[in-house]
Amino acid sequence: MEHESLRVRTVKRTSVSADAGAAEDHSAQTTQPAAGRDDRTRIAGGGRGVGRKRTSEVQAETMSNEMEDYLFDLNGYVILKQALSEGEVDELNRDLDRLFAEQPAPDQTKRKGYEAFGWSIGNLVECGPTFEALIDHPSWVDHIRRYIGGEDRPILEGSSAIFRGEGEASRLHSGAHKRRMYTQFRYHNGQFRCGEVNIMIALNDWHSGDGVTMVVPGSHKSNIIHPRFGTEANGPGGSLDVVEGAVEVLMDFGDALLFVDCLAHGSGKRVNPGVRRSILYRYGPRWQTYTPPSELMNRLTPERQALMNVSKR
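Numbering (my numbering), first residue to last: 49 to 361.
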């Protein structure tokens with residue numbers, strides 16, 4: 049049962065929202081999906097492309113970057129409106145439909161203990177040019193560089209597609225109390241120093257009850273573990289529906305969430321019909337390791353190769 053008095057719902061805005069941010073569970077990202085076409089009807093039509101910047105927008109954009117930095121520092125996340133165009137989202141969904149046909153059924157591939165998480169496709173960047181284009185997408189690559197910080201050249205640490213059906217959720221996890229390498233958040237000498245910064249893209253509209261991402265704002269700086277850790281909220285099948293301080297992320301397709309991984313997060317349980325679709329790319333300082341196959345590296349531009357932390361062979 050949802051505790052409405054404990055939940056703060058986000059309001060859709062046309063600019064960066066201070067009320068939305070996200071992520072998903074590291075340990076559940078190796079499962080594989082079955083088809084999720086039942087939600088495609090919510091993607092077709094009603095979209096909007098990303099327009100070209102006007103000269104009059106330059107000053108406003110600069111102020112927006114300053115506000116993004118403030119909100120990212122304050123809350124641990126920002127929302128990037130219209131990060132992908134309607135055409136980009138449609139192409140990604142078409143390619144995911146193709147991948148669905150090549151994957152085993154979800155009941156054959158879900159990891160024990162994560163049956164209620166949903167389905168996912170790991171190493172998504174290896175699945176074709178559409179996903180390669182997201183490595184250094186202009187809507188967020190500068191944010192990634194800025195928040196990884198300083199001379200620490202960012203690299204891609206992981207990529208996955210996540211699908212959540214009725215009754216599924218992501219448990220409460222992460223948080224500043226972990227103090228692990230990839231759950232670091234620091235600001236020193238005017239520069240951010242984050243151990244991992246993630247971008248999550250909505251491939252269909254996220255409404256209340258859709259199993260949307262939920263976060264605990266400011267928990268990336270918390271010195272005290274959330275009392276809901278160690279309860280059903282972060283156990284198998286857990287969700288953030290009963291977690292005090294958690295907020296729900298409501299987005300339009302093509303919007304993207306930028307967040308530091310040490311933010312305590314998860315999702316609400318999906319109670320609506322259909323399937324929530326999203327893509328998650330993770331970035332970290334170059335001490336992170338990932339060895340992509342040579343076939344992928346041979347296809348990438350030098351700029352994308354640099355983000356993969358491997359020189360072209």
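Quick reminder that beta carbons are idealized off the backbone N, C-alpha and C, glycines included.
Between the beta-carbon of residue 329 and that of residue 168 there is about 13 Å, and that puts the pair past the 8 Å contact cut.
In the assembly as shown, residue 221 is a buried residue. Its beta-carbon has 16 or more other beta-carbons within 10 Å. Spanning the alpha carbons of residue 180 and residue 248 requires a straight line of approximately 15 Å. For residue 178, the uninterrupted alpha helix (DSSP H) run begins and ends at 177-180, by DSSP. Under the Cβ criterion (8 Å, minimum of three pairs), the region 260-268 does not count as touching the region 134-145.
In terms of CA proximity to residue 251, 325 leads the group 212, 325, 235. Rounded to whole angstroms, the gap between the alpha carbons of residue 279 and residue 135 is 42 Å. Pairing residue 213 with residue 297 gives a Cβ-Cβ distance that is not under 8 Å. Beta-bridge pairing by DSSP links residue 242 to 233. For residue 212, the enclosing beta strand (DSSP E) starts and ends at 202-212. Residue 262 sits away from residue 215, with the two beta carbons spaced by 8 Å or more. With contacts defined by Cβ atoms closer than 8 Å, residue 192 and residue 305 do not form a contacting pair.
It is roughly 42 Å from the alpha-carbon of residue 256 to the alpha-carbon of residue 342.
Counting along the chain, the unbroken beta strand (DSSP E) around residue 315 starts and ends at 313-315. Bridge partners of residue 126 according to DSSP: 306. Contact annotation: residue 125 and residue 311 have beta-carbon atoms nearer than 8 Å.
Residue 258 carries a strand assignment under DSSP once its states are collapsed to helix, strand and coil. Secondary structure of residue 291 (DSSP, three-state): coil. For residue 327, the uninterrupted beta strand (DSSP E) segment begins and ends at 324-333. Residue pairing by DSSP places residue 250 opposite 326 in a beta bridge. The straight-line gap separating the alpha-carbon atoms of residue 332 and residue 246 is approximately 9 Å.
In the DSSP assignment, residue 170 falls outside any alpha helix (DSSP H) and lies within the beta strand (DSSP E) extending over 167-170. Rounded to the nearest whole angstrom, the CA to CA distance from residue 118 to residue 239 is 12 Å. A distance below 7 Å between beta-carbons, with the five flanking residues on each side excluded, links residue 242 to the following residues of its chain, in chain order: 195, 196, 197, 232, 233, 308. Here residue 296 carries a strand assignment [DSSP, helix/strand/coil]. Shown here, residue 318 sits in a strand according to DSSP, grouped into three states. Each of 175, 260, 303 was checked against the Cα of residue 148, and the nearest Cα belongs to 175. Residue environment for residue 219: buried (at least 16 other C-beta atoms within 10 angstroms of its C-beta). Taking C-beta atoms as the reference points, residue 300 and residue 253 count as a pair closer than 8 Å.
When the Cα atoms are used, residue 271 and residue 284 turn out to be separated by approximately 25 Å. Contact between residue 189 and residue 302 fails: their C-beta atoms lie close to 17 Å from each other, not under 8 Å. Out of 201, 273, 217, the CA that lies nearest to the CA of residue 244 is found in 201.
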